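Here is the structure we will look at.
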Amino acid sequence: MKYFVDVNIIIDLFLTRKPFVENAVLIFEAVKKINWTLYTSDNAITTSYFYLKKENGAVAAKKTIATFLRDIEIVPVSRAMLITASTSKINDFEDAVQFECAASIKGIDGIITRNKKDFKHSTIPVFAPEEVLF
Numbered sequence: 001m002k003y004f005v006d007v008n009i010i011i012d013l014f015l016t017r018k019p020f021v022e023n024a025v026l027i028f029e030a031v032k033k034i035n036w037t038l039y040t041s042d043n044a045i046t047t048s049y050f051y052l053k054k055e056n057g058a059v060a061a062k063k064t065i066a067t068f069l070r071d072i073e074i075v076p077v078s079r080a081m082l083i084t085a086s087t088s089k090i091n092d093f094e095d096a097v098q099f100e101c102a103a104s105i106k107g108i109d110g111i112i113t114r115n116k117k118d119f120k121h122s123t124i125p126v127f128a129p130e131e132v133l134f
């Protein structure tokens with residue numbers, strides 16, 4: 001299975017946000033246990049770093065990111081994606097950019113997010129964490 005992981009799931013993992021962290025951990029464990037391939041955007045990584053740095057400092061944040069990058073594929077955001085996202089039916093620009101990144105992945109099975117309502121115009125299946133885990 002190939003899933004695009006929205007930034008909120010990554011931040012849940014990094015900041016151990018309760019009650020969401022449990023499902024975030026299970027999602028990222030699935031990479032090794034059931035052979036999922038997970039993707040996210042390059043800007044999701046930089047956004048996650050911003051929050052990690054605020055909580056734990058720059059050195060710890062960089063170490064966490066470096067470890068995390070071993071188990072996830074990164075989709076670069078292109079100019080074309082930004083242009084398409086700016087006219088998307090997905091109202092939130094950041095979510096529209098995430099959708100464009102997911103749409104660029106051949107054979108993508110879905111997007112995992114805690115904000116399904118923000119992706120209501122997605123042409124890719126959108127799942128809450130508990131929907132892909134149970």
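Going by the UniProt record's numbering, the first residue of the sequence shown is number 1, and it counts up by one from there. All C-beta atoms, glycine included, are put in the ideal place defined by N, C-alpha and C. All values derive from a computational prediction rather than experimental measurement.
Since residue i contacts residue j with CB under 8 Å, what's their CB separation in whole angstroms?
i	j	result
Arg114	Ala96	That pair is no contact at about 17 Å.
Ile45	Ile65	6 Å
Ile112	Tyr51	Not confirmed; about 18 Å, so no contact.
Ser41	Val77	6 Å
Whose C-alpha, out of the options, is nearest the C-alpha of residue i?
i	options	result
Tyr39	Asp71, Ala58 and Asn8	Asp71
Ile108	Tyr49, Ala80 and Trp36	Trp36
Val75	Asn56, Gln98, Lys116 and Val21	Gln98
residue 144	Tyr49, Ala58, Tyr3 and Lys53	Here the chain comprises residues numbered 1 to 134, so residue 144 is not present and cannot be evaluated.
Glu22	Asn56, Ile9, Arg79 and Lys33	Ile9
Phe119	Leu133, Glu131, Phe20 and Asn91	Asn91
Lys32	Phe93, Met1 and Tyr51	Met1
Phe14	Ala30, Ala85 and Lys53	Lys53
Lys89	Ile34, Lys117, Gly57 and Glu130	Lys117
Val132	Lys62, Glu29 and Ala58	Glu29
Glu130	Ala24, Glu73, Lys18 and Arg17	Ala24
Glu55	Thr16, Leu69 and Phe93	Thr16
Pull up the DSSP beta-bridge partners for residue i, would you.
i	result
Lys2	Thr37
Ala127	Sequence inspection shows Phe at residue 127; the Ala mentioned does not correspond to that position. In DSSP, Phe127 forms a bridge with Ile112.
Which residues bound the alpha helix (DSSP H) around residue i?
i	result
Val77	Note, Val77: premise wrong, no alpha helix (DSSP H); not H, not E.
Ile10	Val7 to Phe14
Phe99	Phe93 to Ala103
Regarding residue i and the ligand GDP, is the C-beta to nearest heavy atom distance less than 7 Å?
i	result
Glu130	Among the components of this structure there are no ligands whatsoever, and the ligand GDP is therefore not found.
Would you give the residue range spanned by the beta strand (DSSP E) that residue i belongs to?
i	result
Ile65	Careful: Ile65 lies outside any beta strand (DSSP E), inside the alpha helix (DSSP H) at Ala58 to Phe68.
Contact between the segment 123 to 131 and the segment 98 to 109 (3+ Cβ pairs under 8 Å)
Touching, per the Cβ criterion.
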